[in-house]
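In the numbering used here, the protein residues as written are -16 to 211.
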């Protein structure tokens, strides 16, 4: 039984990423996407590196948007993405590898400190970073300190983004993951880059953590308002 489970798990991990890529391309290509704040993305791509950050609930379409838009604008840009060290995140890791992104594995409860150090090293070497603002375990739409600390240690600004659709599937997960339905109207918004001062600690980290949280939630509300 253990061998069968291991075989099944390995098979799923190998097949799921290309299937996800194929399905997402077909599904999301039918959607009508309106992008706001594109000038903020252009500014960041002209002044790399930067840190791209969104909520966990937005991850499925966000990955497609990164591939379609951000990497299409500058295909030479290096990307390093932080992914949970859990087994559940292995499928996501496979999809990200197909995007030719470097991966750093870690989360708040497992390898987070070493993952952050690895991210700092790679961003200082010129790679753009991608961090899910509320992490892999939540609470949903409550920012953790990771993106703020990374920005403070590297000088790279945080580019927040959020999207909403006029119709989408909402999964029964801790973050209420959103997946746009075919032919959905999607409003995707980039916010102004957020600069974090170097060497901040304690209350200052909390101040900028709250600021990022407020920016992301404001972008999500704006996306909701304009997607209909």
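All C-beta atoms in this analysis are idealised placements derived from N, C-alpha and C, irrespective of residue type, glycine included. It should be emphasised that the depicted structure is a prediction, and the values quoted were computed from it without experimental measurement.
Just the Cα atoms here: how many angstroms apart are residue i and residue j?
i, j, result
"residue 187", "residue 180", "9 Å"
"residue 103", "residue 111", "10 Å"
"residue 57", "residue 32", "12 Å"
"residue 53", "residue 24", "8 Å"
"residue 36", "residue 172", "12 Å"
"residue 48", "residue 108", "25 Å"
"residue -14", "residue 87", "In this predicted model, residue -14 has a pLDDT of only 42, less than 50, meaning its place in the structure is not dependable; the value taken from the coordinates is given anyway. Cα to Cα, the separation comes out at about 28 Å."
"residue 210", "residue 17", "8 Å"
"residue 195", "residue 26", "19 Å"
"residue 61", "residue 84", "7 Å"
"residue 127", "residue 64", "16 Å"
"residue 20", "residue 149", "19 Å"
"residue 113", "residue 66", "9 Å"
"residue 13", "residue 160", "20 Å"
"residue 59", "residue 29", "12 Å"
"residue 97", "residue 192", "20 Å"
"residue 55", "residue 22", "15 Å"
"residue 101", "residue 34", "14 Å"
"residue 185", "residue 177", "19 Å"
List the endpoints of the continuous beta strand (DSSP E) containing residue i.
i, result
"residue 95", "No beta strand (DSSP E) contains residue 95, which is instead part of the alpha helix (DSSP H) from 95 to 107."
"residue 111", "111 to 115"
"residue 183", "No beta strand (DSSP E) holds residue 183; DSSP gives it neither H nor E."
"residue 143", "141 to 148"
"residue 156", "Careful: residue 156 lies outside any beta strand (DSSP E) and carries neither H nor E."
"residue 168", "168 to 173"
Hey, could you find the ends of the alpha helix (DSSP H) residue i is sitting in?
i, result
"residue 23", "21 to 29"
"residue 201", "186 to 209"
"residue 45", "42 to 48"
Helix, strand or coil for residue i? Go by DSSP, reduced to three states.
i, result
"residue 87", "strand"
"residue 125", "coil"
"residue 36", "strand"
"residue 135", "helix"
"residue 17", "strand"
Am I right that residue i and residue j are in contact with their C-beta atoms under 8 Å? What's the rounded C-beta distance?
i, j, result
"residue 106", "residue 139", "5 Å"
"residue 135", "residue 169", "So it is not a contact: roughly 32 Å between Cβ atoms."
"residue 99", "residue 133", "7 Å"
"residue 158", "residue 39", "4 Å"
Using 8 Å as the Cβ pair cut-off and three pairs as the minimum, do the region 100 to 119 and the region 162 to 179 touch? Touching, no, given that fewer than three Cβ pairs across the two stretches are closer than 8 Å.
Cβ contact (3+ pairs, closer than 8 Å) linking the region 191 to 209 and the region 145 to 153: Segments in contact, yes.
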